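Shown next, in structure tokens, is the structure this report addresses.
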């Protein structure tokens, strides 16, 4: 009897040991989660675009692409993105070269100024642009102090203004990307070329720039995708001039409940983003260069500025004054006005704007708590999913683990607004009706954050020795302990940085929250964008913006501290 029982149970216990181990079950569970919350919503956009009154049809595509509004939105998007990329590359690339390839004395000043630039959300920059350059703005007021008959003709609301603001916000991506590449490159190759008789121009165009080209391609993709997907800036600066881009066109169609057009435009945005992503990945592989550095590399800069040092310092000073100090002073000053547009005098200043934010009206209390909650929960979930995905990608080489990393990074090529559209299409109907709930905002935030967290820890994981995990596995140490006690401690810096970056994004995120929020789920981003339409003016928008900037600066200082600890 006992023998039969043993023979019956032995295969079952073997299945338990081999078939349901954590290192086999968790990758499958992760794959299911990613398919449900990433792949399925995006697939629903495509299905909606070809579903016309319950019948398969391409009529929505015909209607959308035959509309002049779609054509103009596409052309305006291309123009805005092109202007933004060129401007951001010129600014960020020049600063990176000055910082890492010249003998400029105030390099720390460049680092700190670029850091401050990145802490100001793009939408807040667009608000300061209006407050400075609009007809009732500070520039016109200052000019009229000297000439009361002056006729102000500068138009603050243009497509070019959107490109300028986006470039001012995104150029730090180019700066950091190229800066990291130049640091990795070192100066050995350039100095060797100099010894062989190459001049500065030949060294720059034949050695330095080709070697940092992959880094530029990677960061330029981020600039293109973020500028193309940005909604707040063109809505603030381009729409008043009648210049729609694809992101604002999607929002307009959503407001008109034309879901088929929304789906078609979303497919168009996804197609453009995916094309750019795939193209850049292929270009990076083709342009991959092996970079060898030496500890004996000289610290001497490649380019001596000489008499150009003072002109460079003056130019940088003027640039940072207009890109940092002017926006800060403008937004803080406007936040104390009783009503924006009043003459600048002590009688017209008040602190009541800040008191209103946290008064019984709960103008900011509930949105602030919501943003903090969504950010913490979404960033935590994304960090866990990203760390597990990278863990299995690093130590397992089966089919499921290889697919995890690809699906998890898919949202990086999808604009934020389209992620919200996808979430709405996927979860608007029973039995899983999540539209209008906090859960859907958190889920969409998590989807947005996952590839960001992966980027923070994937590079560090390449330095891990797979034999360490394999040895622990051979010794019978379970996957839970290998993950928590071996893998996570080595990824601590990247995990903390990824969590904090995602949390900071949640504080100033607009398009996702704007499409998915209800009266009880408003966020800081929604309040910044909508408060002007709620019987308030730019003074209240400025007050909220100051709070967001303070939170963003504090968070980025903490992030910088984490990064500096990792270097020591």
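In this note's numbering, the protein residues as written are 1349 to 1916.
Note that CB positions come from ideal geometry on N, CA and C, so glycine has one too.
Please read all numbers here as calculations on a predicted model, not as lab measurements.
- Judged by DSSP secondary structure, residue 1875 falls within the alpha helix (DSSP H) whose first and last residues are 1872 to 1878.
- Every alpha helix (DSSP H) of 4 residues or more that sits fully in the stretch 1432 to 1468 is shown, in chain order, as 1455 to 1467.
- For residue 1760, there is no enclosing alpha helix (DSSP H), since its DSSP letter is neither H nor E.
- When Cβ pairs closer than 8 Å are counted between the two stretches, the stretch 1868 to 1877 is seen not to touch the stretch 1835 to 1849, the count staying below three.
- The stretch 1507 to 1519 makes contact with the stretch 1427 to 1440; the number of CB pairs closer than 8 Å reaches 3 or more.
- Scanning its chain for C-beta atoms nearer than 7 Å, with the 5 sequence neighbours on each side dropped, one finds around residue 1713 the residues 1706, in chain order.
- In this structure, DSSP gives residue 1578 a state outside helix and strand, which the three-state scheme calls coil.
- Rounded to whole angstroms, residue 1440 and residue 1824 show a C-alpha spacing of 51 Å.
- Under the three-pair Cβ rule at 8 Å, the stretch 1740 to 1755 does not count as touching the stretch 1565 to 1578.
- Here residue 1625 has 1761 as same chain residues with Cβ atoms under 6 Å from its own Cβ, once five neighbours each way along the sequence are excluded.
- DSSP places residue 1726 in the uninterrupted alpha helix (DSSP H) bounded by 1713 to 1743.
- Taking all protein chains in view, the Cβ of residue 1602 is crowded by 16 or more other Cβ atoms within 10 Å, so the residue is classified as buried.
- DSSP, reduced to helix, strand and coil, places residue 1896 within a helical segment of the structure shown.
- A straight line joining the alpha-carbon of residue 1675 with that of residue 1456 spans about 21 Å.
- DSSP, read as helix, strand or coil, puts residue 1399 in strand.
- The C-alpha of residue 1813 lies about 21 Å from the C-alpha of residue 1372.
- If you compare the alpha carbons of 1390, 1819 and 1851 with that of residue 1619, the shortest gap goes to 1390.
- By the CB criterion at 8 Å, residue 1522 and residue 1450 fall outside the cutoff.
- Runs of alpha helix (DSSP H) with 4 or more residues, each lying fully within the stretch 1805 to 1867, are found at 1814 to 1822, 1840 to 1856 and 1859 to 1864, listed in chain order.
- Per DSSP, the continuous alpha helix (DSSP H) segment holding residue 1681 begins and ends at 1674 to 1682.
- Residue pairing from DSSP leaves residue 1620 without any beta-bridge partner.
- Distance from the CA atom of residue 1796 to the CA atom of residue 1519, rounded to whole angstroms, is 21 Å.
- Sorting 1615, 1481, 1531 and 1502 by C-alpha distance to the C-alpha of residue 1767 places 1615 at the top.
- Its chain contains 1755, 1758, 1759 and 1795 as the residues whose beta carbon lies nearer than 7 Å to that of residue 1386, once the 5 sequence neighbours on both sides are disregarded; these appear in chain order.
- Exposure of residue 1866 is indicated by the presence of fewer than 16 other C-beta atoms within 10 angstroms of its C-beta.
- In this structure, the straight-line span from the alpha carbon of residue 1800 to that of residue 1491 is close to 45 Å.
- Between the stretch 1821 to 1835 and the stretch 1857 to 1871 there are fewer than three C-beta pairs closer than 8 Å, too few to call the two in contact.
- Between residue 1763 and residue 1600, the beta carbon gap of about 16 Å keeps them out of contact (Cβ cut-off 8 Å).
- Ranked by how close their Cα comes to the Cα of residue 1897, the residues 1407, 1376, 1466 and 1858 have 1466 in first place.
- For residue 1752, the secondary structure class from DSSP, reduced to helix, strand or coil, is helix.
- Separation of residue 1382 and residue 1729 (C-alpha to C-alpha, rounded to the nearest whole angstrom) is 12 Å.
- Look at residue 1502 here: in three-state DSSP terms it is coil, with no helix or strand label.
- Distance check between residue 1701 and each of 1751, 1686 and 1715 places 1686 closest, using alpha-carbon atoms only.
- Contact check for residue 1402 against residue 1470 fails: the beta carbons are separated by 8 Å or more.
- The C-alpha of residue 1782 is placed about 16 Å away from the C-alpha of residue 1862.
- Sequence-distant Cβ neighbours of residue 1891 in its own chain, meaning closer than 7 Å and more than five residues away, are 1683, 1701, 1702 and 1705.
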